[in-house]
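Engineer: Residue numbers (my numbering): 87 to 342. Don't be surprised by glycine CBs; every beta carbon is placed ideally from N, CA and C. If you're wondering where the values come from, they're calculated on a predicted model, not measured in any experiment. Below is the structure I would like to discuss, written out as structure tokens.
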Ligand code: SAH
């Protein structure tokens, strides 16, 4: 007897939709997402689509109608519960737009729970379009099969970030002027944590002193070279995931 092909196929398109998703309900997809399903993925009635809602997890849904403007889906089976991501946030000083966008995408793929955009004195940019940023986070989550979207905090000035910093979260401060080797620091302080990365021009002396003055801050070094802000952010998050996050052996079972 021929083996039953896996359903849904791995190639099925993935989409985040507003929740809560429930078996047998009707999900209507419109706008850009309908265009993506119809014109880009060329889905037809009877095809499978994977849906996530950042709430109930991941579902296999069946296309019940595929029109020019909207696509109807019927969630059939819950495939996975919403995953727990390690409680690690990235406090990213706003970089030039393409570089901020790159970090939003890569930090999502790497597994951060939250992104906190920060304004420092030498930031060239002073705002972030939250809708655009959320689209980048969502598309990155769809692409890498995350079931939990990273949260996006409001843009915060560095002094406010430090003033309101919670007692129970370590703030690893990526300091190009030196600190404890990052892997060593990450291993030594497991638990709720964040990584702070400066803008293109770095933090000024007063800002560096203010960050270092915070009792929860741990200055870290990402090596002897001066990295661009986007490189420091991506390398720092990857290293934390490997040393203290869900790339470790004891977390491997939750991987795809
Ligand atoms: N002040 C620097 C550039 C800053 S690089 C200059 O203009 O010469 C941008 C940010 O990346 C820094 O603020 C820091 O947070 C991070 N960074 C870059 N290289 C780093 C390193 N080797 N170790 C730790 N953090 C680094």
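Does DSSP put residue 196 in a helix, a strand or coil?
Structural biologist: Helix at residue 196.
Engineer: With which residues is residue 172 paired in a DSSP beta bridge?
Structural biologist: For residue 172, which the question treats as bridged, DSSP gives no partner whatsoever.
Engineer: Starting from residue 291, trace the alpha helix (DSSP H) in both directions and tell me its first and last residue.
Structural biologist: That run of the alpha helix (DSSP H) goes 291-299.
Engineer: Where does residue 197 land, buried or exposed, given buried means 16+ other C-beta within 10 angstroms?
Structural biologist: Answer is buried; the Cβ neighbour count reaches 16.
Engineer: Just to check my reading of the structure: residue 323 and residue 281 have Cβ atoms closer than 8 Å, yes? What is that Cβ distance to the nearest angstrom?
Structural biologist: With 8 Å as the limit, residue 323 and residue 281 qualify as a contact, their Cβ atoms being about 6 Å apart.
Engineer: Have a look at 157, 203 and 279 and flag the residue whose alpha-carbon is nearest the alpha-carbon of residue 245.
Structural biologist: Considering only alpha carbons, the answer is 203.
Engineer: For the alpha helix (DSSP H) that residue 245 lies in, which residues bound it at each end?
Structural biologist: Per DSSP, residue 245 belongs to the alpha helix (DSSP H) from 244-249.
Engineer: Taking the beta carbon of residue 340 as the centre, do at least 16 other beta carbons fall within 10 Å, making it buried, or is it exposed?
Structural biologist: Any reading at residue 340 is ruled out, since the residue's pLDDT is 45, under 50, leaving its predicted position unreliable.
Engineer: By Cβ distance below 7 Å, which residues in the same chain neighbour residue 333 in space, the five residues on each side in sequence not counted?
Structural biologist: If we look at residue 333 and ignore the five residues flanking it on each side, its Cβ neighbours are 327.
Engineer: For residue 342, collect the residues of the same chain with a Cβ closer than 8 Å to its Cβ; drop the 5 residues on either side in sequence, then sort them by chain order.
Structural biologist: Below a pLDDT of 50, predicted positions are generally treated as unreliable, and residue 342, at 43, falls in that range; no measurement from the model is reported.
Engineer: Is the beta carbon of residue 199 closer than 8 Å to that of residue 173?
Structural biologist: Yes; because the gap between Cβ atoms is below 8 Å, this pair is in contact.
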